[in-house]
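Each protein sequence line maps, in turn, to chains A and P.
The opening position of the first sequence corresponds to residue 29 in our numbering, with each subsequent residue numbered one higher.
The opening position of the second sequence corresponds to residue 4 in our numbering, with each subsequent residue numbered one higher.
Positions of the beta carbon are idealized from the N, C-alpha and C atoms, including for glycine.
The block underneath contains the structure these notes are about, expressed in structure tokens.
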Amino acid sequence: MHPVEEHYLDLTRRRFFGVAANSIGAGMGACALGSLLGRAAMAADAPKDAAGGGGLILPGPHFKPKAKRVIYLHMEGAPSQLDLFDYKPELRQRFNQDLPDSIRQGQRLTGMTSGQTRFPVAPSAFRFSKYANNQDGAWVSEVMPNTGALAKELCFIHSMHTEAINHEPGITFFQTGNQQPGRPSFGSWMSYGLGSANANLPTFVVLITQGLGNMQALSARFWGAGFLPSEHQGCKLRSGGDPVLFLKDADGLKREDRRRMLDLVGELNAKEMEKSLDPEIRARVAQYEMAYRMQMSVPELTDFSDEDQETLDLYGPDVKKPGTFAANCLLARRLSERGVRFVQLYMRGWDQHGNLPKELRDQCNAVDRGQAALITDLKRRGLLDETLILWAGEFGRTVYSQGTLTADNYGRDHHPRCFTVWLAGGGVKPGISYGKTDEFSYNIVENPMDVHDLHATMLHLLGMDHSKLAYRHQGRDFRLTDVFGNVRKEILA
Amino acid sequence: MTLDVLLATFGRAHPMVLHLPIGLFFALAAMELLALARRTPLALQTRAALAWLAAFAAVFTATTGFFLGQETAYSGDTVDLHRYLGIAVAVIAVLVAVLQRRVARQPLGRGKGAAKAYAAALIVCIGVLVPAGHFGATLTHGGDFLFEPYYVSKATTPTMPLRGGARSAGPATVPISHAQTMSTFDTTIAPIFANYCISCHGAEKHKGGLSLHTREGILADSSLIVANNAAESELMRRLHLPADDEDHMPPGSKKQPSKSEIGAIEAWINNGASFDEHYTQMDGAAGGTGAAASEGASGAIAESERSSAAQPPSAAEAIAASRAIPAAKPEAVAALRAAHLYVAAVRADDALLLIDFSAAPPLISDAQVAELLVGLREQAADVSLARLRIGRKTMSVLGSAPNLTRVNAAASALTDGDLALLAGHPTLSELVLSGTKLTDSAVTTLLSLPALARLYLWKSGISAEAIAGLRRDRPGLAIDTGEAAPREPLAIEDKPNFTSDRPPPGVAAAPPTAAAAPAVLHAINTICPVSGKPGNDRYVILYEGKLIGFCCEKCGAAFWEDPKKYKLP
């Protein structure tokens, strides 16, 4: 077949399986492009028609979901599990001992610690408390008291492991299921598969908080759409000041005028779309329409004046300062309330290679109250059961100290072999601890869980079969879980 | 570009180059005849040029033909005949070219032996060329190609000219009156095969080793047609593949069967794939096909689709029918979509709907909400009306929604009276009333809901006592009132105290022996006097009868250089 013809056919196919009919692009009123929009596809097989109504109804999730949306709190830099959630009291009697080879098992050292002559065990400098949960209690460190108090809602997974050793591939792996960049992120898959429940807001919103500890780079491709059509990419709201620039129309421009302008631009784009079948045109028009609607919806979203004082107090004093984690948590709750499918909060600064006790305390002070308030706030509004919350870093930290070990100061290097994440809400079994690590929090001894399994389980809770949510690109069906992933029934309610 | 690809491409030139020797030999023969008639000799150069060119072309054609013949799509008697005759042509052509050299400048017929030999060779060459070409054309166009229009015009029923080879496929032109007594395969399926498949999968050509013109050919591969199981039949798989898939059959450039024809084959397979039975009605067949086959399209199926006449019901409709939930009306869904509201199936192939009013303008009225909901009353299962100014009208619609299971009315303008319209709802199981302005009299309504399992009453205006009463009266009901979790932990550990005496993992702690063991030497200090870091028992120096510990050997060396410099405990 002629390569150009093939390209057109490919685009036609992509158009047919492209954006969700119910997403921002749909229902555009006068815009001529509406007729060109395709229908959502949940799977590599043909889209099914739920009510036989000629494509009006979304096919829907593969099976009845428990969760309708996700809030993902990503702790960028890799928080130390030993100092937060993985309680190892025996290490107190191993202060400054060398890490035995039987534990390390010859794991390659990173460039940062390979110069060290010793690898002394550094027990946590924090005191842990035991909080009641639905098993025999969860130990949480003193720097996360509010989170610990919610242990009855949380599902700790102590046995996560990953293959990545450094931040960029690690975060890319956690977001897209592959260490190399180029694939769509979790939120984009959700946008592609389920569409948006609120046509006035983006399906996938990203909020970033600057950290107080050692920060690493954050790339925009962590919330990118990869090879999916661009309208599925995450929409980052700005941290300080205006969450979205230029929301207000210029003086003298009426909203109707803008509507007419967008209609005309849409017609021109529709003509181009007919000619070239470029799906990016549709994405662009969809973004214009979304921007138009966000002019009305975002001011209402970010105006906290309709929150009562009790709720604001729950999040702490930081909530009044835009860009802080607490403020972003409240924004996340408001976004979830308004049907946004995937809200991702990035908290930077967890990369404690040195000065861990001080920096970790500062970091936790910034997040602890906000994330606990988020869970409580969602619960009391009846939203926690249908909102899946994930708190995770990209990997863990080593038990041995990086740099000088003193009685009250140490650092930790990257450690992918085991780390802790927690889930809450959305059909997860509450109040349990899943998986165990060994005495040194170095190796996993029970129920190892990798990132693909986590993704598969989360997709399962969202009502999607992870092996069926696929997109054909470069001749192969890509999935979030690539060719891996098992749903872990043990952590499902 | 591997060698076999090169050779195969070379072989493909055969249908193009074969015209050359034919044209050249006929030209040579015609010119010889003309020369004979005029009694003038043919110019030697002309004869030599034509003869050698023709010989070369014939050899080239034969060679390309040889490589084309390597492709397995062609086998059978016709191919063999064509092949041998073609080789013969090439050989004789060379002979002709060689012989013409010896012909003197004289017209044929009165010449010497060489001229006679040359003429004989030319006649033989043409005599072999014609059948060789004929068989070659039979391979590509079918045996009746030349006179087909004549046959077609004589047929009793108007049929479209069939593709080559169809005539040999069997009862392609069955008179209508016999149609009823013939088997369904013969009347319906065989003609489809004849029309679309036999040209490449028939007697002369059987690409992929497949022949569909005989029963043996059809049955030869057991995976092609699996009786009673069209889904597993390779034939159906190929038919159902997307048109641009390279395995799709018939190939994209050829005529494609219509949906009803594919449906007919599928139905025939699902009903047993019998060659002899006559089905009066086949389950799963598109309704129109049986009639179409006997309607006089014997062998020629109309191009237009008859699929709209009898589409099988979609899966969702089947399920909805079985559960007695009708599928949602498209107009109702479209109305919601036009208002940018979210409506989706709870799960695929389900008639139950999830409706979310998050995108509704904040000032949308109760009447408008009710109007949008009433069209989907029967399918609504999960409705989210948070922060809306809903009232009686919406609640009365919800109250009469028979499959409703979840309502989120958080922070809405609901009052007790509005809520009362939900009283007694048989299936409502989850109700979110956080942030509403209800009063204790709403409790009666809540108690009247038999299926209620989860209730959210934070800041709902219902007093704590009333909630306590509700908990007493309905112990199975999970009520969330939004209190913050108790912050007191079960236990707090003491301030960590670090030591280093835990034995390495895997080694049991050695029990202290009572016997007088040699005294274990411990350093007298725990902090290295040189660096101030924690000391390590590995690095010790005996100095003035005391064992001093250091953090590393460098500090020990430094100490030894100038012991007086450092303060000792």
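Leaving out five residues before and five after residue i in sequence, what residues of the same chain have Cβ atoms less than 7 Å from its Cβ?
i, result
"P/C203", "K210"
"A/G513", "H480, D481, H483, A484, H494"
"A/N27", "Residue 27 of chain A cannot be examined here, being either before or after the span of chain A that is shown, 29 to 521."
"P/V377", "V400"
"P/R380", "V400, S403, A404"
Please return the same chain residues whose Cβ sits closer than 6 Å to the Cβ of residue i, not counting the five positions on each side in sequence.
i, result
"P/Y121", "L102, Q103, V106"
"P/A11", "none"
"P/G3", "The first residue shown for chain P is 4 and the last is 572, placing residue 3 of chain P beyond what the model contains."
"P/D483", "Y459"
"A/L508", "G205, W217, H483"
"P/P134", "L88"
How long is the line joining the alpha carbons of residue i and residue j, rounded to whole angstroms?
i, j, result
"P/A234", "P/L98", "59 Å"
"A/G143", "A/H381", "14 Å"
"P/A223", "P/T217", "10 Å"
"P/S2", "A/Q502", "Not covered by the structure: residue 2 of chain P. The range shown for chain P is 4 to 572."
"A/T231", "A/Q323", "16 Å"
"A/A311", "P/L149", "56 Å"
"P/Q382", "A/K464", "46 Å"
"A/L101", "A/I236", "10 Å"
"A/A354", "A/G344", "7 Å"
"P/L417", "A/A401", "26 Å"
"P/P499", "A/K158", "15 Å"
"P/A270", "P/P329", "28 Å"
"A/K517", "P/S261", "46 Å"
"P/A1", "P/S399", "With chain P running from 4 to 572 in the structure shown, residue 1 of chain P is simply not present."
"P/A338", "A/L305", "29 Å"
"P/A588", "P/E374", "As displayed, chain P neither begins before 4 nor continues past 572, which places residue 588 of chain P out of reach and without an answer."
"P/D250", "P/L242", "9 Å"
"P/V131", "P/T67", "18 Å"
"P/A423", "P/T430", "15 Å"
"A/P327", "A/L273", "11 Å"
"A/G351", "A/Y499", "35 Å"
"P/S534", "P/C554", "8 Å"
"P/N273", "P/N232", "5 Å"
"P/A481", "A/D505", "43 Å"
"A/R397", "P/G464", "27 Å"
"P/L6", "P/E74", "14 Å"
CB-CB under 8 Å to residue i, same chain, minus the five flanking residues each way: which ones, in chain order?
i, result
"A/R155", "S169, E170"
"A/S364", "R97, I99, V371, L406, L411, T415"
"A/V456", "C183, L416, L489, I519, L520, A521"
Below 8 Å on the Cβ atoms is my contact criterion, and I expect residue i with residue j to pass it. Report the Cβ-Cβ distance as a whole number of Å.
i, j, result
"P/A351", "A/H90", "6 Å"
"A/I403", "A/Y462", "That belief does not hold up - the Cβ atoms of A/I403 and A/Y462 are roughly 18 Å apart, past 8 Å."
"P/A54", "P/L31", "6 Å"
"A/H195", "A/P476", "With a Cβ gap of about 22 Å, A/H195 and A/P476 do not count as contacting."
"P/S432", "P/R409", "7 Å"
"A/F250", "A/Q203", "5 Å"
"A/G239", "A/M375", "6 Å"
"A/A394", "A/L373", "With a Cβ gap of about 12 Å, A/A394 and A/L373 do not count as contacting."
"A/E104", "A/W450", "Their Cβ separation, rounded to whole angstroms, is 16 Å, which puts A/E104 and A/W450 out of contact at 8 Å."
(message) Give the list of continuous alpha helix (DSSP H) stretches no shorter than 4 residues that lie fully inside the region 462 to 519 of chain A.
(response) 479 to 489
(message) Runs of 4 residues minimum, wholly inside the region 390 to 419 of chain A: which ones carry the alpha helix (DSSP H) assignment?
(response) none
(message) Going residue by residue through the region 415 to 463 of chain P, where are the continuous beta strand (DSSP E) segments of at least 3 residues, counting only ones entirely within it?
(response) Restricting attention to beta strand (DSSP E) runs no shorter than 3 residues, the region 415 to 463 of chain P encloses them at 433 to 435, 457 to 459, ordered along the chain.
(message) Measuring CB atoms only, is the region 422 to 438 of chain A touching the region 148 to 162 of chain A, in the sense that at least three cross pairs come out at less than 8 Å?
(response) yes
(request) Inspect the CB distances between the region 94 to 102 of chain A and the region 365 to 381 of chain A and report whether three or more fall short of 8 Å. (result) yes
(request) Indicate whether the contact test is met: 3 or more Cβ pairs, each with one atom in the region 108 to 120 of chain A and one in the region 167 to 187 of chain A, closer than 8 Å. (result) yes
(message) Using 8 Å as the cut-off, can you tell me whether the region 50 to 68 of chain P makes contact with the region 11 to 26 of chain P, which would need three or more C-beta pairs spanning the two stretches below that distance?
(response) yes
(request) Output the residue ranges of the alpha helix (DSSP H) runs that lie fully inside the region 463 to 501 of chain P and measure 4 residues or longer, sorted by chain position. (result) 467 to 476
(message) Restricting to runs no shorter than 3 residues, where is the beta strand (DSSP E) found entirely within the region 215 to 288 of chain A?
(response) 232 to 237, 263 to 265
(message) Could you tell me which whole beta strand (DSSP E) segments of length 3 or greater appear in the region 146 to 229 of chain A?
(response) 156 to 159, 166 to 169, 182 to 189
(message) Between the region 261 to 270 of chain A and the region 416 to 425 of chain A, can you find at least three pairs of beta-carbon atoms closer than 8 Å?
(response) no
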